[in-house]
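*Asks:* Take this structure first; my questions come after.
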Amino acid sequence: MTAMHHCRACHSDTKEIMSFGRMPLANAFLKQEDIGQEYFFEMKVAICPTCFMFQLVDQPDPSMMFHGNYAFFSSTSHHMAKHFETMANTYMNDLMTDPDPFIVELGSNDGIMLKHVAKKGIRHLGIEPSSNVAEVAKRNGVNTISKFFNEETAKEVRESSGPADVICCSNVMCHIPDLHSVAKGVVALLKPTGVFVFEDPYLGDVIDKTSYDQIYDEHVYLFSVTSVSNMFAPYGLEVFHVEHQTTHGGSMRYYLCQTGQKNVKDSVTRQREKEKEIGLSSLETFETFKLQCERSRQELVDLLKKLKQEGHRVVGYAATSKSTTVLNYCGIGPDLIEYICDTTPIKHDTASPGMHIPIRPYEHFQKDNPDYAVLFAWNHKAEVMDKEKSKDIQWITFVPQVGIVNG
Ligand code: DWN
C-alpha cells in the first residue's frame with residue numbers, strides 16, 4: 046500500500062490497495078473507426094481507514110460513461126427481470142402504505158422495476174441520465190426524466206409531485222461519485238416517514254469470491270453496511286434494515302430512514318458484526334485481496350494459453366462491463382479469445398474496450414461450435430447454464446476460482 050488520497054465519503058486520507066493498470070471505459074465498445082482513439086485511465090482502488098469506504102482513486106467524468114449511447118439495458122436477463130418484479134411488489138406492499146403514495150427511482154434504466162408500479166397506476170417517477178435507456182422506459186409506460194439526481198433535481202420533483210414515500214435505486218449508488226449530492230437530494234425529497242432503499246454489489250462478496258471484475262470505471266464504490274452507515278449518518282439518515290441478495294454475485298439491499306424514525310433491526314447489527322469478523326475494516330484483508338487478484342490473473346492466463354497450445358477454440362460469453370476489467374487486467378486479447386457473443390444489439394460488430402476482441406451477436410455463437418466459452422456473465426450462471434444446456438461446450442469460469450465447469 047502506498048499513496049494517500051482523500052476519501053470521497055468522509056474526506057480523510059485513504060490507503061491505496063492496488064492498481065489494475067491502464068483501463069478503458071468498461072462499456073466503450075468500439076466501432077471500427079474509433080479504434081486508436083480510446084480513452085484510458087489508471088484504475089486504482091483505495092480503502093478509507095476512517096469510514097471504511099472502498100473506492101476508486103480516480104474516476105472518469107460521469108458524462109463520458111452515461112450518455113445517449115449507453116450500452117447496458119437492464120432487461121437483458123430474465124432472472125433480473127423477475128428480481129425487479131419481486132422488488133416492485135415488496136416496495137408497493139411494505140413501504141407504500143400511505144394513501145396515494147409516490148415512488149422515485151434513481152437510474153431507472155429501461156423501467157425494468159417501475160413498469161410494475163406504473164401498471165398498478167401508482168404515482169412514480171424514474172430519473173435516468175442515459176437518454177437512450179430512458180426512452181425505452183417511456184415506451185414501457187414509465188414516467189421518466191433524463192437527468193442526474195441531486196438536490197436541485199430533488200427540489201424540482203418535490204415542487205411538482207410532492208414528497209416521496211420511497212426513493213430507491215438498484216446498482217446505481219455505487220456509480221455516483223458525489224454521494225453527498227444524493228444524500229442532500231434524498232433529504233430534500235423524502236417524506237419524514239419515507240424510506241430510501243438501494244442495493245449494490247456487496248464488498249463482502251467481492252472479497253470472498255475475488256470477483257475483482259466488479260471494479261471498473263462505473264463502480265466508483267463497493268459498499269458495506271459499515272461504510273453506508275458512516276456515509277449517511279451526517280445527513281440524519283440511518284440504516285434500519287439490510288437484506289443480502291444473490292444478484293450480481295452477491296449484493297446488499299440497504300433500507301434507510303430519518304434517524305430515529307424506525308427501529309433498527311437485528312439484521313443491521315448482525316451484518317456489522319459479520320463485517321468485523323470477515324475483516325472489512327482491516328487493511329490486511331485488502332492486502333490479501335490484491336494477492337488473490339494477481340493469482341487469479343495468472344491462473345486464467347495460464348489456462349487460456351494452455352488451451353490455445355492444445356489447439357482448442359475459446360470464445361467469450363457475454364460482453365459484460367466486468368469483462369473489460371478481466372481482459373485488460375489480464376492482458377487477454379483476440380489471440381486467446383476468438384470473439385465474445387452478446388445479446389445486446391448496440392454491442393454487435395464492435396470491438397471490446399482496450400483489448401479489441403470482436404463482439405458477435407448471440408446467434409453467431411448458437412450456430413458455432415467452439416470448444417470452450419469463458420463465462421463473463423458468471424453472475425447469471427444459472428440462467429445461462431439453463432439456456433445452453435443442450436450445447437456441447439466446456440465453460441471456463443474465474444469466480445470464485447479459475448477453472449473449467451461442466452455445463
Ligand atoms: O452495475 C451495473 C450492472 C448492474 O450492469 C452496470 N455498471 C453495468 C452492468 O454490468 P454488466 O455489463 O457486467 O452486467 P451483466 O448483467 O452481468 O451483463 C450484461 C451483459 O451480458 C449484456 O451485454 C447482455 C449480456 N448477456 C448475454 O449476452 N447473455 C447476459 C446474459 C444473462 C445472457 O444470457
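Numbering-wise (my numbering), the sequence shown opens with residue 46 and increments by one. Ideal placement from N, C-alpha and C gives every residue a C-beta, glycine not left out.
CA-CA distance, Asp380 and Gly230?
*Replies:* 48 Å
*Asks:* Alpha carbon to alpha carbon, how far is Cys386 from Gly361? Give it in angstroms, no decimals.
*Replies:* 6 Å
*Asks:* What residue does the alpha helix (DSSP H) around Thr304 start on, and which one ends it?
*Replies:* No alpha helix (DSSP H) holds Thr304; DSSP gives it neither H nor E.
*Asks:* Please classify Met46: does DSSP put it in a helix, a strand, or coil?
*Replies:* At Met46 the pLDDT is 46, less than 50, meaning the model places this residue with poor confidence; the figure from the coordinates comes in the next sentence. Met46 falls in the coil class under three-state DSSP.
*Asks:* What is the rounded straight-line gap between the Cα of Val90 and the Cα of His264?
*Replies:* Within the model, the alpha-carbon separation for Val90 versus His264 is close to 11 Å.
*Asks:* Do Met110 and Asn72 have their beta-carbon atoms positioned less than 8 Å apart in this structure?
*Replies:* yes
*Asks:* Would the segment 295 to 306 and the segment 271 to 283 be scored as touching if the rule is three or more Cβ pairs under 8 Å?
*Replies:* yes
*Asks:* Taking the alpha carbon of Arg53 as the reference point, which residue from Gln354, Cys93, Thr330 and Asn308 has its own alpha carbon closest?
*Replies:* Cys93
*Asks:* For the putative contact between Thr365 and Phe421, defined by C-beta atoms under 8 Å, what is the C-beta separation to the nearest angstrom?
*Replies:* 5 Å
*Asks:* If you run the structure through DSSP and keep just helix, strand and coil, what is Gln358?
*Replies:* Inspection of the sequence shows that residue 358 is occupied by Arg rather than by Gln. Arg358: coil per DSSP, three-state reduction.
*Asks:* Give a yes or no on whether the C-beta atoms belonging to Pro69 and Tyr84 are separated by under 8 Å.
*Replies:* Between Pro69 and Tyr84, the C-beta spacing is below 8 Å.
*Asks:* For Lys200, which residues from the same chain have a beta carbon less than 7 Å from its beta carbon, with the 5 sequence-adjacent residues on both sides left out?
*Replies:* Ala233
*Asks:* Does DSSP classify Val187 as helix, strand or coil?
*Replies:* coil
*Asks:* How about Ile172 and Val187: do their beta carbons lie closer than 8 Å?
*Replies:* no
*Asks:* Report yes or no: do the segment 288 to 299 and the segment 237 to 247 share at least 3 C-beta pairs separated by less than 8 Å?
*Replies:* yes
*Asks:* Leaving aside the five residues before and after Phe193 along the sequence, list all residues of the same chain whose C-beta is less than 6 Å from its C-beta, in chain order.
*Replies:* Pro174
*Asks:* Whole angstroms are fine: how far does the CA of Ser326 sit from the CA of Met46?
*Replies:* Reliability of the predicted coordinates at Met46 is poor, the pLDDT of 46 falling under 50, and no value is obtained from them.
*Asks:* Helix, strand or coil for Ala364 per DSSP?
*Replies:* coil
*Asks:* Taking just the CA atoms, how far does Asp250 sit from Arg340?
*Replies:* 18 Å
*Asks:* Which partner residues does Val284 have in the DSSP bridge list?
*Replies:* Leu301, per the DSSP bridge assignment.
*Asks:* Please tell me whether, using a cut-off of 7 Å, the distance from the CB of Lys367 to the nearest non-hydrogen atom of ligand 1 is below it.
*Replies:* yes
*Asks:* At a cut-off of 7 Å, would you count Lys319 as near ligand 1, judging by its Cβ distance to the nearest heavy atom?
*Replies:* If you check the C-beta of Lys319 against ligand 1, you find no heavy atom less than 7 Å away.
*Asks:* Nearest to Glu197 by CA position, among His220, His225, Val178 and Asn114, is which residue?
*Replies:* His225
*Asks:* Could you please give the first and the last residue of the uninterrupted alpha helix (DSSP H) stretch that includes Ala427?
*Replies:* Judged by DSSP secondary structure, Ala427 falls within the alpha helix (DSSP H) whose first and last residues are Lys426 to Lys432.
*Asks:* Out of Cys338, Arg342 and Phe268, which one is the CA nearest neighbour of Glu320?
*Replies:* Phe268
*Asks:* At 3 residues or longer, what runs of the beta strand (DSSP E) sit wholly inside the segment 109 to 175?
*Replies:* 147 to 151 and 168 to 172
*Asks:* Helix, strand or coil: which one does DSSP assign to Asp245?
*Replies:* strand
*Asks:* What do you reckon, is the C-beta of Ala363 under 7 Å from a heavy atom of ligand 1?
*Replies:* yes
*Asks:* Is any heavy atom in ligand 1 found nearer than 7 Å to the beta carbon of His293?
*Replies:* yes
*Asks:* Using only the heavy atoms of ligand 1, determine whether one of them is closer than 7 Å to the beta carbon of Tyr374.
*Replies:* no
*Asks:* For a test of your reading of the model: does the CB of Ser256 fall under 7 Å from any non-hydrogen atom of ligand 1? Yes or no.
*Replies:* no
*Asks:* Going by alpha carbons, who is nearest to Ala163 out of Leu151, Ala179, Lys183 and Val287?
*Replies:* Nearest of Leu151, Ala179, Lys183 and Val287 to Ala163, Cα basis: Lys183.
*Asks:* Out of Gly239, Val346, Cys96 and Asp223, point me to the one whose CA is closest to Asp139's CA.
*Replies:* Gly239
*Asks:* Can you say whether Ser274 is buried or exposed, counting buried as having 16 or more other CB atoms within 10 angstroms of its CB?
*Replies:* Under this definition Ser274 is a buried residue.
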